[in-house]
Every structure is written in structure tokens, then in C-alpha cells.
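Asks: Our numbering runs 135 ahead of the 1-based position in the sequence shown.
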Amino acid sequence: MSSKKKKSGSTPGVMATNRKARRDFHILDDLEAGIELRGTEVKSIRQGHVRIDEAYVQVKDGQAELLQMTVQPYDHGNIFNHEPTRPRRLLMHKSEILRLESKINEKGLTLVPLKIYLKKGMVKVKIALCKGKDAVDKRETLKKKTADMEARRAMRNAR
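(1) Taking the alpha carbon of residue 250 as the point to measure from, which residue in 174, 207, 210 and 263 has its own alpha carbon closest?
(2) Is residue 266 near residue 229, with beta carbons less than 9 angstroms apart?
(3) For residue 215, count neighbouring C-beta atoms within 10 Å of its own C-beta (all shown protein chains included) and say buried if the count is 16 or more, exposed if not.
(4) According to DSSP, is residue 188 helix, strand or coil?
(5) Report all residues from its chain with a CB closer than 6 angstroms to the CB of residue 152; omit the five preceding and five following residues, and keep chain order.
(6) According to DSSP, simplified to helix, strand and coil, what is residue 290?
(7) Alpha carbon to alpha carbon, how far is residue 219 from residue 247?
(8) Tell me which residues share the same chain as residue 255 and place their Cβ nearer than 8 angstroms to its Cβ, disregarding the 5 neighbours each side in the sequence.
(9) If you compare alpha carbons, which of 289, 222, 182 and 273 is closest to residue 159?
(10) In terms of residue numbering, what span does the alpha helix (DSSP H) encompassing residue 181 cover?
(11) Going by the CB atoms, is the gap between residue 224 and residue 199 shorter than 9 angstroms?
(12) Sort out for me which residues DSSP pairs residue 206 with in a bridge.
(13) Hey, residue 261 and residue 167: beta-carbon distance below 9 angstroms or not?
(14) With 16 other CB atoms within 10 Å as the buried threshold, where does residue 235 fall?
(15) Quick one: give me the first and last residue of the alpha helix (DSSP H) that residue 239 is part of.
(16) I'd like to confirm the pairing. Which residues does DSSP put opposite residue 152 in its beta bridges?
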């Protein structure tokens, strides 16, 4: 029997999701990247002690960095525990980085992490090329979502 406590309602392998990203941005394209982690960061991420709500990706000098991602210090760590909000390098092919950099500079888009998950034992991040929504777009999205929920509820009650 496993003594690990599972989070209810979570997808297996998914450590963190950025729910604000889908509300605040139009997602145009997404891709997968690895993260360069140090020390006890992997153990802490596996425990689910990671936040990507305020995180974003910045491309400079031909490298992509994930900024403002918070990985809490490992519970059983010692004095060599990691720094919670340090910039973390993303592991992607050079051609992908150059393509993303050109799109960001050309159209004024941004890169936002959508989720952090495990794939074959490695920690991966799904990043998205996004365009920000304004207040009108957010209201329209909310109205559409509410209408869909009411329609589903009516169909379920009609049975």
C-alpha cells in the first residue's frame, strides 16, 4: 500500500497549473520545455510545493529563463536548501528559442507557463505564447462560460 497522500481532483503527474493564464490571456501556441533545477528543488516540486501564478518566461542572450516561479524550500532540507524565487533556465532547442524570441519582439506577445508536470521522471513545463486580454474580452469569456454552464445544467435537468 502506498502511504503517499494524493491531492483530490488533480491529474496524475501534474504538479502545478496556472489557472490565471487562461483567464487573462489569449493562448496562441504552446510547447514543452525542460527546467534546469538544482539541489532539493525536484523533491520540493514532487511534493507539490511550487507556484507559477505570477511566473513568466523571458528570452535574453539566446536563453529562455522562467522568472517569478516560487519553489518552497524542501521540508527535510538542510543549510544547502535552494533559493525559492531564483531564475530557472528552460531547456529547449536553439531554433525554438529563436522562433519564440522573434514572435515576442515582433508582435508584443508574452510567454507564460501553463503547467508543471512529470514526464518519464523529468520535470517539464508547458509554456504558451499569449496575447493579453483586456477587460471587455474577460467579460465576454465569462458570459460565454456562464451561458455554457446554464445550458449544460438545463440539459441535465431535462432528462
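From the three backbone atoms N, C-alpha and C, an ideal C-beta is built for every residue, glycine too.
Replies: Let's see:
(1) The sequence position of residue 250 within the sequence shown is 115, counting from 1. It is 263 whose Cα lies nearest to the Cα of residue 250.
(2) Position 131 of the sequence shown, counted from the start, is the residue given in the question as residue 266. Position 94 of the sequence shown, counted from the start, is the residue given in the question as residue 229. Result no, Cβ atoms of residue 266 and residue 229 do not sit closer than 9 angstroms.
(3) On the sequence shown, residue 215 is found 80 positions in, with the first residue counted as 1. Exposed, because fewer than 16 other Cβ atoms sit within 10 Å of the Cβ of residue 215.
(4) The sequence position of residue 188 within the sequence shown is 53, counting from 1. It is coil, neither helix nor strand.
(5) As a working note, residue 152 is residue 17 in the sequence shown. Result list for residue 152: 250, in chain order.
(6) Sequence index remark: in the sequence shown, residue 290 carries index 155 (1-based). Helix.
(7) As a working note, residue 219 is residue 84 in the sequence shown. As a working note, residue 247 is residue 112 in the sequence shown. Between residue 219 and residue 247, the C-alpha separation is close to 19 angstroms.
(8) For the purposes of this step, residue 255 is taken as residue 120 along the sequence shown, with counting starting at 1. Excluding sequence neighbours, residue 255 sits near nothing in its chain.
(9) By one-based count along the sequence shown, residue 159 stands at place 24. For the residues 289, 222, 182 and 273, the minimum Cα distance to residue 159 belongs to 273.
(10) Translated into the one-based positions of the sequence shown, residue 181 becomes position 46. It spans 176-181 - the alpha helix (DSSP H) in which residue 181 sits, taken as one unbroken run.
(11) Along the sequence shown, read from residue 1 onward, the residue named residue 199 stands at position 64. Along the sequence shown, read from residue 1 onward, the residue named residue 224 stands at position 89. Taking 9 angstroms as the Cβ cut-off, residue 199 and residue 224 qualify as a contacting pair.
(12) Mapped onto the sequence shown, residue 206 falls at position 71. Per DSSP, 185.
(13) Locating residue 261 in the sequence shown gives position 126, counting from the first residue. Locating residue 167 in the sequence shown gives position 32, counting from the first residue. Yes. Within cutoff.
(14) The residue labelled residue 235 in the question sits at position 100 within the sequence shown. Residue 235 is buried by the Cβ-count criterion.
(15) Residue 239 sits at position 104 when you count from the first residue of the sequence shown. Per DSSP, the unbroken alpha helix (DSSP H) holding residue 239 starts and ends at 229-242.
(16) Translated into positions along the sequence shown, residue 152 becomes position 17. Looking at the DSSP assignment, residue 152 forms a beta bridge with 250.
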